[in-house]
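Numbering (the UniProt record's numbering), first residue to last: 1 to 352. Data first, discussion second: the structure below is written as structure tokens.
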């Protein structure tokens with residue numbers, strides 16, 4: 001039986017608990033939090049106490065991102081598997097003690113859940129098998145977190161998805177290089193009056209050029225990436241990937257060529273056309289990741305999708321740090337000049 005310690009049993013922590021329960025593998029849970037909750041699993045006030053008494057195989061880090069570094073440092077010496085929410089830390093955190101604290105872990109995976117979309121897998125395989133090279137990509141990735149009650153470090157927690165996907169799908173190990181960054185700060189978050197809520201970037205990925213916009217104040221959720229590739233014969237191939245639209249885990253991919261007779265579709269996939277298994281609502285992709293972690297911990301079996309490991313997590317964090325440092329910023333925008341009444345959100349579709 002796998003022993004799973006959830007550090008932060010809030011919205012994200014409960015989703016992970018649900019995903020572990022859906023694996024069908026026997027799991028024993030405990031949790032760490034500021035206060036005891038009405039759940040029938042062991043509670044610990046402190047991480048060191050939980051590690052010593054519960055001796056988990058997996059530690060799941062689902063505290064607000066502003067507390068990630070503190071929690072990861074508290075796992076120093078832990079030799080089990082760490083599954084952490086993104087981003088790894090914040091731009092204000094020192095990465096050196098975090099790297100040191102995680103040296104003994106048996107495995108690590110950051111929750112870059114869109115890697116587990118069937119559309120992502122299909123496009124990544126196509127790029128590799130057909131020798132496609134990126135010419136141009138553009139992303140729009142945003143959602144509405146205005147007056148969200150959850151603390152946040154800002155848009156870095158949102159833009160990390162398209163930045164990772166672009167490198168994962170078509171980077172072939174080549175890191176992204178930022179060119180320009182524009183940003184806006186505001187009081188959208190309970191975390192402060194001057195939080196980076198949106199950025200527009202341009203960058204290079206190998207020989208390809210990337211542009212994109214990501215925001216935590218998008219009024220409607222939008223997660224979309226357009227690609228233009230060149231194949232081995234020099235012809236252009238187009239692709240459009242849409243994620244979590246209109247609901248969680250409903251992902252679409254269309255790949256086509258343009259000809260004098262019109263578009264010729266090469267691949268098309270829409271996972272939203274299928275019914276989601278009962279109990280797996282909102283956690284289909286997360287479930288694939290958790291299933292890989294569970295099997296790896298139990299038997300050492302290689303994951304079906306390679307984990308977003310420590311090297312990925314630190315590389316992405318350094319990219320996010322550079323983005324925030326270089327952003328030419330407008331603002332702050334004041335959404336709540338006369339104070340706010342914080343809403344306890346219950347809509348999982350808006351929270352995600």
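Virtual Cβ for every residue (Gly too), placed ideally from N, Cα, C.
Annotation for residue 81: the continuous beta strand (DSSP E) segment containing it runs 81-84.
Sorting 61, 195, 133, 118 by C-alpha distance to the C-alpha of residue 331 places 195 at the top. The residues 256, in chain order, have a CB closer than 6 Å to that of residue 263 in the same chain once the five nearest residues on each side in sequence are set aside. For the options 189, 61, 293, the alpha carbon positioned closest to that of residue 151 is the one of 189. In the DSSP secondary-structure assignment, residue 11 is not bridged to any residue. Between residue 302 and residue 107, the alpha-carbon positions lie close to 11 Å from each other. Annotation: residue 267 is outside any alpha helix (DSSP H); the continuous beta strand (DSSP E) that includes it extends over 262-270. With a cutoff of 8 Å on beta-carbon distance, residue 99 and residue 61 are scored as not near each other.
Cα atoms of residue 161 and residue 69: separation of roughly 20 Å, rounded to the nearest angstrom.
Of 122, 200, 110, 37, the smallest CA-CA separation from residue 142 is found for 200.
Straight-line measurement puts the Cα of residue 37 at about 21 Å from the Cα of residue 55. Boundaries of the beta strand (DSSP E) around residue 197: 195-205. Selection 125, 101, 14 evaluated against residue 39 yields 14 as nearest (Cα-Cα). Taken through DSSP and simplified to helix, strand or coil, residue 231 comes out as coil. Rounded to whole angstroms, residue 219 and residue 245 show a C-alpha spacing of 14 Å.
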